[in-house]
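Below: one structure, written as structure tokens.
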Amino acid sequence: SAVISQKPSRDICQRGTSLTIQCQVDSQVTMMFWYRQQPGQSLTLIATANQGSEATYESGFVIDKFPISRPNLTFSTLTVSNMSPEDSSIYLCSVGGARNEQFFGPGTRLTVL
Amino acid sequence: AQKVTQAQTEISVVEKEDVTLDCVYETRDTTYYLFWYKQPPSGELVFLIRRNSFDEQNEISGRYSWNFQKSTSSFNFTITASQVVDSAVYFCALRFGGAQKLVFGQGTRLTINP
């Protein structure tokens, strides 16, 4: 299975600021995924990040709010821009496994005041 | 439309009881994958099982078992002789077509009381 790390593990931020979340995988993967889990809710896909191309965003998510970088096959960042309290969530990155599994990082717990 | 429904929002049982978590899915694709994840209070998502649409064999792993029935579009999860450590939110998820992204159900919060 892939080993995925995320930084930071948690943060408390002021509204109007931005936070960049890092995701590191211990093996090269083609696609990385960013999910959001709002308090008490299920997971929702924000975007799919392919190395060397623009991220593909799901309905309801836009690049200006959630810019994503994918500089190489083991790393990606998600920025939550101009934050509001509604952005308080757990943000998780995910990668596919060799046997069609799907593995998740430990998540970044964000609180916006 | 691709959809996963976990009708049980919360389940509470006493330790050592058996408990079944229901999952019903919708997809028009003939090739798809179904997953179960466990999310303990710490927040990480723990992968439990992946099942593809062509394999309807039930699976058992220790106290965990899964029943996949295409006829009813269900992929139910049973914990036998539950333990307090099984307390968590459990998510069922669907991956369809050639995409690797997952569609999640709303989750079932399972509480095992001592």
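Line by line, the protein sequences are chains A and B.
Here the working numbering is used: the first residue of the first sequence is 1, the next is one more, and so on.
Here the working numbering is used: the first residue of the second sequence is 1001, the next is one more, and so on.
For glycine and all other residues, C-beta sits at the position ideal for the given N, C-alpha and C.
Looking only at DSSP bridge pairs, what is E1059 (chain B) linked to?
-> The beta-bridge partner set that DSSP reports for E1059 (chain B) consists of B:W1066.
Neighbouring residues, chain A, relative to N1052 (chain B) (Cβ below 9 Å) | For the C-beta of N1052 (chain B), the chain A residues within less than 9 Å are, from N- to C-terminus, N100.
Note down, in chain order, every chain A residue with its Cβ under 9 Å from the Cβ of E1044 (chain B).
-> Close partners of E1044 (chain B) in chain A (Cβ separation under 9 Å): L92, F104, G105, P106 and G107.
When you compare each of A:Q37, A:F104 and A:E58 to D87 (chain A) by their alpha carbons, which one comes out closest?
-> The closest CA to that of D87 (chain A), considering only A:Q37, A:F104 and A:E58, is found on A:Q37.
Measuring CA to CA, which of B:F1035, B:N1113, B:N1058 and B:E1015 is closest to F104 (chain A)?
-> The shortest C-alpha separation from F104 (chain A) is found at B:F1035.
Which bits of chain A does Y1090 (chain B) rub up against, with CB to CB less than 8 Å?
-> Within chain A, no residue comes near Y1090 (chain B); the closest Cβ sits about 11 Å away, beyond 8 Å.
Can you name the residues of chain A whose CB is closer than 7 Å to the CB of K1101 (chain B)?
-> Annotation: Cβ neighbours of K1101 (chain B) in chain A (cutoff 7 Å, chain order): F33, L45 and T48.
Nearest neighbour of R1063 (chain B), chosen from B:V1004, B:F1077 and B:T1027 [CA to CA] = Between R1063 (chain B) and the set B:V1004, B:F1077 and B:T1027, the nearest pair of CA atoms involves B:F1077.
Chain A contacts made by the region 1009 to 1033 of chain B, where a contact means CB separation under 7 Å | Look at the region 1009 to 1033 of chain B: the residues with a C-beta under 7 Å from a C-beta of chain A are Y1033.
May I ask which residues mark the beginning and end of the beta strand (DSSP E) holding A1088 (chain B)?
-> A1088 to F1096 is the span of the beta strand (DSSP E), which, as asked, contains A1088 (chain B).
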